[in-house]
Amino acid sequence: MSTRSTLKSLLASPDFKRFFVIRLLCQSGDGLFQIALATLFFFSAQTQGSPQGIALALFVMLSPYTFVGPFVGVFLDRWQRRTVIVVSDAVRVVLTVALVAVLLLYGINLAVYVLALAALAINRLLLSALGASLPRVVDSDQLLLANSILPTIGAAATGVGALVGLLVGLVIPAGASRDAATLSLAIVIFIASIIAALGFDRTRLGPAPHELEGFDKPSVRQILHDLGASIRVVTELRTPAQALLSMAFMRLLYGMIFVSCILVSRNYFDAGPDGTGLGSFAQIIGFTALGFGVAIVLSPLVAGRFGEHAWIVITMVTCAIAQFIVAIDLNPFTLLITSFLLGVGTQGAKVSLDTIIQQDTPDEFRGRAFTLYDMLFNIAFMSAGGLCALFLPDTGVSVPMFAILGFGYLVIATGYLRPRRVSVGEVLPAAH
């Protein structure tokens with residue numbers, strides 16, 4: 001089936017269109033939420049513009065779900081995923097309302113960090129549920145294109161939400177009232193996402209009722225046993241494990257340049273009239289989002305014609321070239337070019353890696369696989385912050401690090417030069 005006919009079939013599906021709307025609402029609201037936190041944690045006059053300060057903020061924002069993640073995946077395979085999506089968004093609404101109240105009544109204090117931390121943890125759970133649900137609303141031969149559309153446009157929706165948050169900042173003076181206004185818009189979008197998700201039948205997103213037969217309330221021991229079984233399955237199937245590890249390494253590399261961009265915007269380039277560098281960083285994010293858009297177009301075309309593995313090689317070489325550009329000459333123009341190329345490369349690779357995990361992982365283990373995916377994602381970003389705290393100067397500029405990151409992307413590419421597929425049937429029976 002051609003890309004055009006597959007796209008036509010997808011857009012004709014009511015379930016896919018509803019799922020598409022849910023993804024857009026979830027991630028645009030998340031963009032509003034994150035830009036409020038980014039302004040608060042990274043680009044306010046009260047925060048530290050140092051690698052150590054950014055590393056600490058990343059740890060606070062990402063650690064909760066990393067630690068509880070192994071238990072969540074098992075429940076994604078046992079709880080109705082529509083219910084998980086609805087309840088997660090409802091909890092985000094409650095937490096964000098509380099966050100707005102604290103900001104307006106008391107200003108920035110410990111409660112703000114705790115509430116933000118909890119809301120971000122819920123967001124990762126929500127994305128895991130969405131990732132595990134996608135194969136339930138599209139056919140197997142539509143997964144590649146669906147993965148090109150949903151995560152990529154979802155990321156673009158996050159960018160649009162963030163842009164709206166920035167525009168709010170131009171209208172409302174800096175301070176708690178500005179952050180509260182942005183968060184209030186996010187609340188409205190979270191509620192709209194709940195309404196859209198309720199349009200699905202309770203069992204439509206899986207797991208199917210027959211898959212839940214004989215499942216008792218799991219103990220901690222059973223949860224760990226089931227997680228171990230899923231790890232063994234993806235490891236023996238090889239391609240899901242390789243995709244998970246490649247994603248984690250890619251996020252580690254990207255996380256390091258992400259931290260560098262924050263520092264370069266604040267401490268190396270002209271920080272702007274407010275002295276925080278938010279304007280420069282917004283341009284970097286804008287060019288990265290533009291790269292995401294190009295990945296939407298290229299991923300189904302190239303991967304559909306030459307295969308996911310070939311596309312991963314191409315995207316990783318693209319990322320390597322991007323890093324070598326700033327290693328040779330770092331200035332505002334070359335950093336924007338690098339941001340664009342990294343947007344194309346990282347998002348393009350993510351499309352194929354997600355497709356490999358979804359196609360090659362049995363459905364009864366897919367929820368846990370995507371929980372593991374999110375755990376590795378968070379660990380990679382926290383590790384990137386830690387490495388930057390150790391080796392990156394306050395300016396964010398390190399030519400040796402930029403070059404090393406480029407070679408790191410080439411290492412990922414070499415892993416997909418000779419792909420090997422393993423049939424699910426070769427491994428799955430032994431997992432039960």
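One point on numbering: in UniProt numbering, the residue at position 58 of the sequence shown is 58, and numbering is uninterrupted. No residue lacks a Cβ here, since even glycine has one placed at the ideal position from N, Cα and C.
Work out the CA separation of Leu95 and Gly386 for me, nearest whole Å.
Reading the sequence shown from its first residue, position 386 is the one you call residue 386. Reading the sequence shown from its first residue, position 95 is the one you call residue 95. Between Gly386 and Leu95, the C-alpha separation is close to 28 Å.
Could you round the C-beta distance between Met382 and Phe59 to whole angstroms and report it? I think they count as a contact, below 8 Å.
On the sequence shown, position 382 is the one that residue 382 refers to. On the sequence shown, position 59 is the one that residue 59 refers to. Yes, Met382 and Phe59 are in contact; Cβ-Cβ is about 5 Å, under 8 Å.
What does the Cβ neighbour count give for Gln142, buried or exposed, with the cut at 16 atoms within 10 Å?
Stepping through the sequence shown from its first residue, residue 142 is reached at position 142. Buried: at least 16 other Cβ atoms inside 10 Å.
Take Gly345 and list the residues in its own chain whose beta-carbon comes closer than 6 Å to its own, dropping the five residues that flank it on each side.
Counted from its first residue, the sequence shown places residue 345 at position 345. Correct list, in chain order: Thr315, Thr318, Cys319.
Return the residue from the list Arg178, Ser133, Arg366 that minimises the CA-CA distance to residue 457.
Look at the range of the chain in this structure, 1 to 432, and you will see that residue 457 is not part of it.
Count the other CB atoms, across all protein chains shown, that sit within 10 Å of the CB of Pro14; report buried if there are 16 or more and exposed otherwise.
For the purposes of this step, residue 14 is identified with residue 14 of the sequence shown, where counting begins at 1. Result: exposed.
Going by beta-carbon coordinates alone, are Gln323 and Gly415 separated by less than 7 Å?
What you label residue 323 is simply residue 323 of the sequence shown in a count that begins at 1. What you label residue 415 is simply residue 415 of the sequence shown in a count that begins at 1. Cβ distance not < 7 Å, so Gln323 and Gly415 don't count as in contact.
Identify whether Trp311 lies in helix, strand or coil by the three-state DSSP scheme.
Here residue 311 refers to the residue found at position 311 of the sequence shown. DSSP places Trp311 in helix when its eight states are reduced to three.
Taking all protein chains shown into account, decide if Ile149 is buried (16 or more other Cβ within 10 angstroms of its Cβ) or exposed.
Indexing the sequence shown from 1 puts residue 149 at position 149. Buried, since its Cβ has 16 or more Cβ neighbours within 10 Å.
How many Å lie between Ser280 and Gly161 at the Cα?
Your numbering for residue 280 matches position 280 in the sequence shown. Your numbering for residue 161 matches position 161 in the sequence shown. Distance between the alpha carbons of Ser280 and Gly161 is about 18 Å.
DSSP three-state call for Asp15: helix, strand or coil?
The count along the sequence shown starts at 1 and reaches residue 15 at position 15. In this structure, Asp15 counts as helix in the three-state DSSP scheme.
Range covered by the alpha helix (DSSP H) that runs through Val344:
On the sequence shown, residue 344 is found 344 positions in, with the first residue counted as 1. Element bounds for Val344: 332-360.
Give a yes or no on whether the C-beta atoms belonging to Thr338 and Ile325 are separated by under 7 Å.
Taking the first residue of the sequence shown as position 1, residue 338 is located at position 338. Taking the first residue of the sequence shown as position 1, residue 325 is located at position 325. Yes.
Since Thr361 and Val234 are thought to touch, with beta carbons under 8 Å apart, how far apart are those beta carbons, to the nearest angstrom?
On the sequence shown, residue 361 is found 361 positions in, with the first residue counted as 1. On the sequence shown, residue 234 is found 234 positions in, with the first residue counted as 1. At roughly 6 Å, the Cβ-Cβ gap stays under 8 Å, so Thr361 and Val234 are in contact.
Residue range of the unbroken alpha helix (DSSP H) whose run includes Gln80:
One-based indexing of the sequence shown puts residue 80 at position 80. That residue, Gln80, is in no alpha helix (DSSP H); it is neither H nor E in DSSP.
As assigned by DSSP and simplified to three states, the class of Leu428:
Here residue 428 corresponds to residue number 428 of the sequence shown, with the count starting at 1. The predicted model places Leu428 with a pLDDT of 49, which falls under 50 and marks its position as unreliable; any figure quoted below should be read in that light. Three-state DSSP puts Leu428 in a helix.
Within 10 angstroms of the Cβ of Ser299, are there 16 or more other Cβ atoms? Answer buried if so, exposed if not.
Taking the sequence shown and counting its residues from 1, one reaches residue 299 at position 299. The residue in question, Ser299, is buried, as its Cβ has 16 or more Cβ neighbours within 10 Å.
Gly291: which of Ala349, Val264, Arg305, Pro332 sits nearest, CA to CA?
Residue numbering aside, residue 291 sits at position 291 when the sequence shown is read from its first letter. The candidate whose alpha carbon is nearest that of Gly291 is Ala349.
Just verifying my parser: in three-state terms, what is the DSSP assignment at Thr51?
Position 51 of the sequence shown, counted from the first residue, corresponds to residue 51. According to the sequence shown, residue 51 is Pro rather than Thr. Three-state DSSP puts Pro51 in a helix.
Going along the chain, which residues of its own chain have a beta-carbon closer than 7 Å to the beta-carbon of Glu426, five neighbours each way excluded?
Here residue 426 is taken as the residue at index 426 of the sequence shown, counted from 1. Bear in mind that the predicted position of Glu426 carries a pLDDT of just 47, short of 50, making it too unreliable to give a figure here.
According to DSSP, is Ser28 helix, strand or coil?
As a first step, residue 28 must be located in the sequence shown, where it is residue number 28. Of the three classes helix, strand and coil, the one that applies to Ser28 here is helix, per DSSP.
How big is the Cα-Cα spacing for Arg136 and Leu144?
Stepping through the sequence shown from its first residue, residue 136 is reached at position 136. Stepping through the sequence shown from its first residue, residue 144 is reached at position 144. So the alpha carbons of these two residues sit roughly 14 Å apart.
Can you say whether Asn331 is buried or exposed, counting buried as having 16 or more other CB atoms within 10 angstroms of its CB?
By 1-based counting over the sequence shown, the position of residue 331 is 331. When all chains shown are included, Asn331 counts as exposed.
List, from N- to C-terminal side, the beta strand (DSSP E) runs of 3 residues or more that fit wholly inside the segment 95-171.
none
When the Cα atoms are used, what is the spatial distance from Ile321 to Ile285?
One-based indexing of the sequence shown puts residue 321 at position 321. One-based indexing of the sequence shown puts residue 285 at position 285. Each residue's alpha carbon lies about 19 Å from the other.
Mind pulling the alpha helix (DSSP H) runs of 4 or more residues that sit fully within the segment 361-397?
363-391
Taking 7 Å as the cut-off, decide whether the C-beta atoms of Leu25 and Ile172 are in contact.
Residue 25 sits at position 25 when you count from the first residue of the sequence shown. Residue 172 sits at position 172 when you count from the first residue of the sequence shown. In this structure, Ile172 does not lie closer than 7 Å to Leu25 by Cβ.
Nearest-angstrom Cα distance between Leu390 and Arg251?
Residue 390 sits at position 390 when you count from the first residue of the sequence shown. Residue 251 sits at position 251 when you count from the first residue of the sequence shown. The straight-line gap from Cα to Cα measures roughly 18 Å.
Is residue 443 helix, strand or coil when you go by DSSP?
Residue coverage of the chain in this structure runs from 1 to 432, which leaves residue 443 outside it and unanswerable.
Any idea what DSSP makes of Val422, helix, strand or coil?
Within the sequence shown, the letter at position 422 stands for residue 422. Only weak support exists for where Val422 lies, its pLDDT of 49 falling under 50; the coordinates are left without a value.
Val21: beta carbon under 6 Å from a heavy atom of the ligand GTP?
Absence of the ligand GTP is noted for the structure shown, with no ligands found whatsoever.
Drop a sphere of 10 angstroms on the beta-carbon of Gly396, count the other beta-carbons inside from all chains shown, and report buried for 16 or more, exposed for fewer.
Taking the sequence shown and counting its residues from 1, the one referred to as residue 396 is at position 396. When all chains shown are included, Gly396 counts as buried.
Helix, strand or coil: how does DSSP classify Thr6 here?
The residue you call residue 6 lines up with position 6 of the sequence shown. The answer is helix: DSSP assigns Thr6 an H, G or I state.
If we count Cβ pairs, one from each stretch, closer than 8 Å, do we get three or more for the segment 116-133 versus the segment 226-240?
no
Thinking C-alpha only, which one of Met61, Ala403, Ser184 is nearest Val97?
Along the sequence shown, one-based indexing puts residue 97 at 97. Cα-wise, what sits closest to Val97 is Ser184.
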